[in-house]
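The sequence shown runs 49 to 123 under the working numbering.
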Amino acid sequence: MSTADRPTLPRVIVANLVVVFGENGRPPQAHYECHRCPYRTATVTGRRAVAEFTATATEGAAAHRSACPALQESQ
C-alpha cells in the first residue's frame, strides 16, 4: 500500500517541548508539558540549561509516558 492509499488519521498533540529563544535581553527558556495530565517540568532558563534540557528531553518524555496517570487509567 502506498502512502497515497493509506487513510489519514487525525493527529493529536499529546505533549509539547516548549523552547523560547530569548530576545531583547531575555534569556532562552524551555519546559516540557503533557496534555493528557497536568504534568509540566520546571522551566529552565539560560543558554546552557536550555541546551542540556533539550538534549535529554526525549528521555524525560519517555519517563513521563511510563508514569503518566492518564495513560495508567486507560490500561
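By construction, the Cβ of each residue, glycine as well, lies at the ideal position given by its N, Cα and C atoms.
Kindly indicate the opening and closing residues of the alpha helix (DSSP H) around residue i.
i, result
"A97", "95–103"
Using only the alpha-carbon positions, how far apart do residue i and residue j sit?
i, j, result
"F101", "R54", "36 angstroms"
"T106", "R84", "17 angstroms"
"S114", "T104", "16 angstroms"
"T93", "L65", "14 angstroms"
"L119", "P58", "19 angstroms"
"T91", "C116", "19 angstroms"
"E81", "I61", "11 angstroms"
Quick check on the DSSP output: the beta strand (DSSP E) that includes residue i runs from which residue to which?
i, result
"L65", "63–68"
"Y80", "77–82"
Would you mind working out which of the options sits nearest residue i, comparing C-alpha positions?
i, options, result
"V68", "T56, A97, C82", "A97"
"A99", "V62, V60, G70", "G70"
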